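Here is the structure we will look at, set down as structure tokens.
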Amino acid sequence: MTLLFQVSRTPSLAQIKHDFKASDRALLDRQGQVLDGVRAEKSARRLNWISLADVPSSFLNAVLSSEDRRFFYHPGLDPLSLLNKQSSLTLQLVQLIERDKVRNANVSWLRFQREPLLSLLDRYSKALAFELAWSKRDILEAYINLVRYRRELQGLNAAAFGLFEKPPRVLNLREASVLAALIRLPEAGAHEVRARACEILAQMRAPEECALLTPEHLSYLERAYRIRPYIRLAPHVMQRLANEPKLTSLGLVRTTLDRELQWTAIHALQKQNSIDGAVIVVENSSGHVLAYVSASAADAATDPRAAGSMLRPLIFAKALDERVLTVATALEGDFGEVDRSDMRVALRGGLEIPVLRTLERLGAETFVKSMQDLGFTDLQSPEAYGPSLALGSAPVKLSDLANAYRALANNGIWTPLRFSPDVPSEFGARRVFSPAAAFIIKDILSNENHNLWSMVKHGLPATDNRDTWSIGFSDRYTIGVSGPHNAAIWQELLSYLHRRQPSESPRLPEGLIREISGQREEWFLSGTQPSLTSTADTTKRRSSISYPKNNAIIALDLESSSRPDHRLLIQIAAPQGDQNVYLNGRRLGRAEPFLKWEPESGLYTLELRDSKGLLVDKVRFEVRGRRFALAGQKPGK
Numbered sequence: 013m014t015l016l017f018q019v020s021r022t023p024s025l026a027q028i029k030h031d032f033k034a035s036d037r038a039l040l041d042r043q044g045q046v047l048d049g050v051r052a053e054k055s056a057r058r059l060n061w062i063s064l065a066d067v068p069s070s071f072l073n074a075v076l077s078s079e080d081r082r083f084f085y086h087p088g089l090d091p092l093s094l095l096n097k098q099s100s101l102t103l104q105l106v107q108l109i110e111r112d113k114v115r116n117a118n119v120s121w122l123r124f125q126r127e128p129l130l131s132l133l134d135r136y137s138k139a140l141a142f143e144l145a146w147s148k149r150d151i152l153e154a155y156i157n158l159v160r161y162r163r164e165l166q167g168l169n170a171a172a173f174g175l176f177e178k179p180p181r182v183l184n185l186r187e188a189s190v191l192a193a194l195i196r197l198p199e200a201g202a203h204e205v206r207a208r209a210c211e212i213l214a215q216m217r218a219p220e221e222c223a224l225l226t227p228e229h230l231s232y233l234e235r236a237y238r239i240r241p242y243i244r245l246a247p248h249v250m251q252r253l254a255n256e257p258k259l260t261s262l263g264l265v266r267t268t269l270d271r272e273l274q275w276t277a278i279h280a281l282q283k284q285n286s287i288d289g290a291v292i293v294v295e296n297s298s299g300h301v302l303a304y305v306s307a308s309a310a311d312a313a314t315d316p317r318a319a320g321s322m323l324r325p326l327i328f329a330k331a332l333d334e335r336v337l338t339v340a341t342a343l344e345g346d347f348g349e350v351d352r353s354d355m356r357v358a359l360r361g362g363l364e365i366p367v368l369r370t371l372e373r374l375g376a377e378t379f380v381k382s383m384q385d386l387g388f389t390d391l392q393s394p395e396a397y398g399p400s401l402a403l404g405s406a407p408v409k410l411s412d413l414a415n416a417y418r419a420l421a422n423n424g425i426w427t428p429l430r431f432s433p434d435v436p437s438e439f440g441a442r443r444v445f446s447p448a449a450a451f452i453i454k455d456i457l458s459n460e461n462h463n464l465w466s467m468v469k470h471g472l473p474a475t476d477n478r479d480t481w482s483i484g485f486s487d488r489y490t491i492g493v494s495g496p497h498n499a500a501i502w503q504e505l506l507s508y509l510h511r512r513q514p515s516e517s518p519r520l521p522e523g524l525i526r527e528i529s530g531q532r533e534e535w536f537l538s539g540t541q542p543s544l545t546s547t548a549d550t551t552k553r554r555s556s557i558s559y560p561k562n563n564a565i566i567a568l569d570l571e572s573s574s575r576p577d578h579r580l581l582i583q584i585a586a587p588q589g590d591q592n593v594y595l596n597g598r599r600l601g602r603a604e605p606f607l608k609w610e611p612e613s614g615l616y617t618l619e620l621r622d623s624k625g626l627l628v629d630k631v632r633f634e635v636r637g638r639r640f641a642l643a644g645q646k647p648g649k
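Going by our numbering, the first residue of the sequence shown is number 13, and it counts up by one from there.
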């Protein structure tokens, strides 16, 4: 009956693993190399629980040879071991579990040893109960995770990283024998540990390995344990992942970072004496962040700053999809010239007026919605920005901006950034730009050698260079750099990433037409090419909305019963037969010199579009009752 009672009280392996909390949070790169770490508990050094499948056979053989050679053949008690005053692994496991319970309950170990509950017979009955409730493999797995190897190192994972700075799976035979020797001699000196390890090697029929275990080779037993690296290589990623519910109980946290690339990015910032700079490198296909560095203690990659010119490619990409303009549409230049500036000239020359005019046609509401789809989280309402949005007045984060450019690299598909393969994404993939529009923007901003398809853009300069940016991509990577000398750092990292394999040009997507425009060939979205959209009579004036004027406030006697006909007269200059007029997205009819419309109070967007849906002109205006009109505002006719 006593044995059955003990079996009913025996915890499961799942319970033991749940109670096993890592004392350190160590950050690993994608190859398993340690990047960073913080200490979370002082009483012991524990890393992640390791399954028996990940333990090398050399270590298992060393432990069994040292502690319990007949482990798989006895029922928890080995009479031959008892005669030699040795405990079986099962008996040792009982004591380890009870010791952890005492420590968690803050009971002193001396008092614990004197408790009659842990008498010899009680431990024997518990060992038999474990053998009935657990499998031999479960007992062995729990043992190697709970036993202390030296000083504060508890569990095989902590011992392997602490003493040998490597994961358990790559331990060699000599290292395995040393760890097995430490189970019985945790605080012994190097000579004593060597003697015990040589005994174990002889039992394992590998005595020749003993010759390589010199006291000099065992000097690591006396040094400080280095479970974390000498330099913290990724403290800001550690901060990002510290509060992830899925990772908070883990000691070894896998990341998507590449240790070599992370160090290269750190060194690049240091060479340029950048004290406020930041770097982010993302793999285009997966969204995995390969490098993430901030030169300051604060995370500069998430510090919102004015976007400057960085939003312009995104504005033009959205304008192409909305068919507000084509790559060859004549735009007003910075000095008032028309027909001498287009999208290619504006983007490559950094012109501001063409972008302002494009945003007027596109609408701030449409573009802010596009930015939200691109993952920008610090946006206000469109009214808060006005035309200054085209000049980069919206504050954005380097990490968000780099991921938005990555959407261009991925043919218009946005996915969230990934810092750990163990953290599921909150958002799925979504299309923000068409593949054709993304291709045209890449074509404009790429360098002339398309074998290295990439681009660099710079934000608005600041007196201290804090708010300058370089962001661009190749076929495989997107790189964002902020701070001084960002272009040099960007180029260094791009060259490093493609040191073995050059970047390739993107594939041509469907829905694009190549035609001559002016003196050069350009790409056009199908249906917007000049051969379809140009008129036969090139001498005709350009069609436009002549009334209402853009941003007009029109006051009418909307509430007057004495004036039944208060319809508004819409005027179109030089209308074409294939054009249509739309009001707030609803078609009013074909374009004619005069159209009558019965208004109501409200805000309106009036658009003139051709038969292909390409925007010809657009204005915004407001209609108010006369008594609510602004003082001094002239009413419309």
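Every residue gets a Cβ at the ideal spot worked out from N, C-alpha and C, and that includes glycine. Quick caveat, the model's predicted, so the values are computed rather than measured.
Delimiting residues of the alpha helix (DSSP H) encompassing residue i
i	result
ASP333	324-333
LEU506	498-509
ASP315	Careful: ASP315 lies outside any alpha helix (DSSP H) and carries neither H nor E.
GLY539	Premise fails: GLY539 is in no alpha helix (DSSP H) and is neither H nor E.
ASP385	376-385
LEU25	25-31
LEU391	From DSSP, LEU391 is part of no alpha helix (DSSP H); its letter is neither H nor E.
LEU213	202-215
Cβ-based neighbour list, residue i, same chain, cut-off 7 angstroms, excluding 5 preceding and 5 following
i	result
THR551	With a pLDDT of only 37 at THR551, under 50, the local geometry of the prediction cannot be trusted, and the value read off the model is given with reservation. So no residue of the chain qualifies.
ARG206	LEU225, PRO227, LEU230
ASN157	PHE32, TRP61, ILE62, GLY167, LEU168
ILE151	LEU101, THR102, LEU105, PHE142
LEU262	ALA34, ASN60
Cβ-Cβ distance between residue i and residue j below 9 angstroms
i	j	result
ALA12	LEU410	In this structure the chain extends from 13 to 649, so residue 12 is not present and cannot be described.
LYS608	GLU372	no
ARG324	ALA402	yes
SER298	ARG430	yes
ASP354	LEU368	no
GLN583	ASP622	no
LEU197	GLU187	no
ALA449	ALA329	yes
Three-way DSSP call (helix, strand, coil) for residue i in this model
i	result
SER529	strand
LEU626	coil
LEU47	strand
GLY404	coil
LYS608	strand
VAL106	helix
GLY637	strand
ARG519	coil
ARG575	Caution applies to ARG575, whose pLDDT of 44 falls short of 50 and renders its modelled position unreliable; the model cannot decide the point.
PHE451	helix
ILE566	strand
THR475	Low confidence applies to THR475: its pLDDT is 41, below 50, so where it sits in the model is not reliable enough to give any reading.
SER20	helix
TYR417	helix
GLU619	strand
SER100	coil
GLY361	helix
LEU429	coil
SER486	coil
VAL367	helix
LEU524	strand
ALA303	strand
Other residues of its chain near residue i: CB distance less than 8 angstroms, five sequence neighbours each side excluded
i	result
ILE566	PRO560, LEU580, PRO611, PHE633, GLU634, VAL635, ARG636, PRO647, GLY648
TYR508	LEU273, THR276
ALA202	PRO227, LEU230, SER231, LEU233, GLU234
SER556	ILE584, ALA585, ALA586, LEU620, VAL628, ASP629
Residue span of the beta strand (DSSP E) that contains residue i, given as start and end
i	result
GLU272	Segment 271-283 is the alpha helix (DSSP H) holding GLU272; no beta strand (DSSP E) there.
GLU295	290-295
SER613	Per DSSP, SER613 belongs to no beta strand (DSSP E) and is neither H nor E.
SER556	556-559
Same chain, Cβ closer than 6 angstroms to residue i, neighbours up to 5 away in sequence not counted
i	result
GLU349	Low confidence applies to GLU349: its pLDDT is 47, below 50, so where it sits in the model is not reliable, and the reading given next is rough at best. For GLU349, where only same-chain residues beyond five positions count, there are no Cβ hits under 6 angstroms.
ASP90	ARG82, SER100
THR617	ASN596, ARG632
Give, in chain order, every unbroken run of the beta strand (DSSP E) that is at least 3 residues long and sits entirely within the stretch 128-191. Within the stretch 128-191, the beta strand (DSSP E) runs of at least 3 residues that lie entirely inside it are, in chain order, 160-162.
Could you give the uninterrupted runs of the beta strand (DSSP E) lying entirely in the stretch 57-86, keeping only those of 3 residues or more? Taking only runs of at least 3 residues, no beta strand (DSSP E) segment lies wholly in the stretch 57-86.
Residue ranges of each alpha helix (DSSP H) run of no fewer than 4 residues wholly in the stretch 219-267, ordered along the chain? Runs of the alpha helix (DSSP H) lying entirely within the stretch 219-267, each at least 4 residues long, are 247-253 in chain order.
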